[in-house]
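Student:
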Amino acid sequence: MQLDELPAITDDQLRPCDGCGCKILHAGPTFWLLRPVRAVVDLASCRERFGLAMLFHGNEVIARQFAARPLARTFDQAPFGGTGEILLCEHCACTRPVASLIPVETAHG
Ligand SMILES: [Zn+2]
């Protein structure tokens, strides 16, 4: 695939690295634009599925068909100024856990 055929990133998406604050290309010509999505398991759904599985003699596949609630849900989809995107230089992307870059009030609130 040629470079011109790849999806473009607009100039307004570029900013200093969210990990180290350095210019995005300081570690090389490649960088990462991530859209992390945090998820949580619905414990009520777990209990429901467990009960249904027992009802169907341990068959979790059938239990899943009768479950009324999804097993998990997502939240915290846009912690970075509403974009939900983390921009990382190559070095930070390879060395820092993504969850450590999420603002604390969002990650634990
Ligand atoms: Zn960095």
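Residues in the sequence shown are numbered consecutively from 1, following the numbering used here.
Glycine included, every Cβ here is placed at the ideal spot set by N, Cα and C.
Inspect the beta-carbon positions of V40 and F75 and report whether they are closer than 9 Å.
Tutor: In contact: V40 and F75 (Cβ atoms closer than 9 Å).
Student: Quick one: what does DSSP say I102 is sitting in, helix, strand or coil?
Tutor: In this structure, I102 counts as coil in the three-state DSSP scheme.
Student: Excluding the 5 residues flanking C92 on each side, which residues of the same chain have their C-beta closer than 6 Å to its C-beta?
Tutor: If we look at C92 and ignore the five residues flanking it on each side, its Cβ neighbours are C17, G19, C20.
Student: Counting C-beta neighbours from all protein chains within 10 Å, is the total for A63 16 or more, i.e. buried, or is it exposed?
Tutor: That one is buried.
Student: With a Cβ-Cβ cutoff of 9 Å, do E48 and R69 count as a contact?
Tutor: The answer is yes: Cβ separation under 9 Å.
Student: Should L43 go down as buried or exposed, given a rule of 16 or more other Cβ atoms within 10 Å for buried?
Tutor: By the neighbour-count rule (16 or more Cβ atoms within 10 Å), L43 is not buried but exposed.
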